[in-house]
Structure formats: C-alpha cells, structure tokens
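The letter at position 68 of the sequence shown is residue 80 when you use the working numbering, and the numbering goes up by one with no holes.
Beta carbons are placed, not taken as given, at the ideal position from N, Cα and C, and that holds for glycine.
It should be emphasised that the depicted structure is a prediction, and the values quoted were computed from it without experimental measurement.
Since the structure comes first, as structure tokens, the remarks are kept for the end.
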Amino acid sequence: MNSCYKSCRKIVAVARNYVAHARELGNEVPTEPIVFLKPSTSIITVGQSIKMPPGSKLLNHEVELCLVIGKSISNASPDQIKDCISGYTVALDMTERDLQSDAISKGYPWSIAKGFDTSCCLGPLMDINSLPADMLLPKEKRKNSEDLNLDLWLKVNGVERQRASTSLMVHSPADLIAFVSKYMTLEAGDLILTGTPAGIGPCEIGDTIHAGMGQNCEVVFKIV
13 MNSCYKSCRK IVAVARNYVA HARELGNEVP TEPIVFLKPS TSIITVGQSI KMPPGSKLLN
73 HEVELCLVIG KSISNASPDQ IKDCISGYTV ALDMTERDLQ SDAISKGYPW SIAKGFDTSC
133 CLGPLMDINS LPADMLLPKE KRKNSEDLNL DLWLKVNGVE RQRASTSLMV HSPADLIAFV
193 SKYMTLEAGD LILTGTPAGI GPCEIGDTIH AGMGQNCEVV FKIV
C-alpha cells in the first residue's frame with residue numbers, strides 16, 4: 013500500500029450521489045446522503061491488482077473522487093471542511109453487484125459486497141490546492157457549478173464507460189463530510205468516497221481498468 017494511505021482507519025463511502033447513477037439502478041435520489049463503510053484492508057494502490065472475489069458473478073466498476081481527511085473533525089459545519097482535507101485522488105469502489113442486490117432484497121447490510129479485499133483502488137495523492145476554486149465550500153456558497161468541476165472518467169480495455177463532471181454531485185464534498193461528522197468522528201488519514209456517476213458495468217478476469225480525473229490524476233488496474 014502507498015505510505016500516504018497507511019494511516020487510514022476507515023473509508024466512508026456515499027451511495028446515489030449522482031442522479032443518473034441512482035436512476036440507472038432504479039433507485040430514488042436521496043434527500044440526505046446514504047453512507048456506508050469499507051474496511052481499510054480493502055485498499056490497493058497503483059502497481060497492485062484487483063482480485064476477483066471467490067464465486068463472483070457480477071463485479072462492477074465505480075469511479076469516484078476520493079478525499080483524504082487531514083485532521084480529526086467531529087460535528088463540523090460545512091464552512092470548516094476546507095481546512096480539514098489534506099489531499100484527494102481518483103478511486104475505484106469495486107462492487108459485487110449480485111451480492112449487493114441480494115443483501116438489499118433481504119434487508120441485510122452491503123459489507124461483503126463493498127468491502128472485500130482489493131475493492132478500494134486508489135491513485136496518487138494529489139495536492140488539495142490543485143482542486144477547482146471553492147470546491148470544498150458548501151454548495152450554497154459556491155458562485156457557480158463550475159467550482160465543483162472535475163472531469164471523472166473510466167475505461168475498460170480502452171472502451172469508455174463512465175464520464176461525468178463532479179459538478180453533478182447531489183451533495184457537495186463539504187456537505188457530505190459535515191453530514192458524516194455529525195455522527196462519527198473523522199480522523200486524519202480517513203477516506204471519503206464521494207459517489208460514482210452513471211455508466212457502471214461488469215468486469216472480468218483479464219480486464220484492464222483505466223480511470224482518472226482530468227489529465228493529471230490517472231490509474232490503471234488489472235483484474236486477476
């Protein structure tokens with residue numbers, strides 16, 4: 013694992029944070045963030061491979077913006093978030109969709125479907141100051157949607173499957189982190205996965221996933 017992620021104690025992920033993604037799965041768009049956890053043991057970084065889980069029937073890719081918490085925060089307001097983030101990167105939230113769908117139908121948690129080994133794939137840690145202007149401000153304080161504009165994209169074997177602007181998030185990064193910190197303390201090194209746009213799809217052993225944000229933060233992972 014890359015040394016900059018070794019201090020991670022928990023990964024807080026967000027579901028249905030892009031309208032088109034919620035709709036492609038036949039789900040409603042939530043008025044409040046839907047939050048779930050992934051274990052830190054799910055993390056891999058560039059140079060490692062995604063391992064197909066035993067008995068997998070439908071492994072899906074999900075590309076996301078990941079934020080890295082820089083200092084401990086609890087019950088923070090959205091205005092306080094900007095000073096609590098130490099960096100960001102592109103992430104893959106690999107998902108066992110068949111297991112997730114089965115768990116949802118039974119009212120069970122998604123832990124295995126989302127938390128298996130190698131399911132959180134991280135790119136290089138980027139300087140927080142390279143984010144678009146005002147991206148970490150509360151949504152109501154941003155001048156326009158372009159303040160949250162990063163081009164998020166993913167290809168499988170060279171074929172593009174996902175591409176969207178982070179300006180399409182339902183809940184902004186600042187609002188997400190403030191919401192989570194009301195219920196659980198976020199510690200330095202913790203990761204926030206901010207949700208995936210539409211275009212999720214199946215992956216097979218031998219596939220190569222190439223994903224990134226803009227042109228400066230890219231990752232390549234092989235499925236084995």
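The count of Cβ pairs closer than 8 Å, one atom from the stretch 164-171 and one from the stretch 209-226, reaches three, so the stretches are in contact. With 16 or more neighbouring CB atoms inside 10 Å of its own CB, residue 28 falls in the buried class. Contact between residue 191 and residue 122 is ruled out by a C-beta separation of about 19 Å, above the 8 Å threshold. In this structure, DSSP gives residue 31 a helical state, which the three-state scheme calls helix. Residue burial annotation: residue 231 is buried, with at least 16 other C-beta atoms found within 10 angstroms of its C-beta. A straight line joining the alpha-carbon of residue 45 with that of residue 162 spans about 20 Å. With contacts defined as CB atoms closer than 8 Å, residue 103 and residue 112 fail to qualify as a contacting pair.
The three-state reading of DSSP puts residue 206 in coil, since its state is none of H, G, I, E or B. Three or more beta-carbon pairs separated by less than 8 Å link the stretch 78-97 to the stretch 175-194, which places the two stretches in contact. Burial of residue 173 is indicated by the presence of at least 16 other C-beta atoms within 10 angstroms of its C-beta.
In the DSSP assignment, residue 110 falls within the unbroken alpha helix (DSSP H) covering 109-118.
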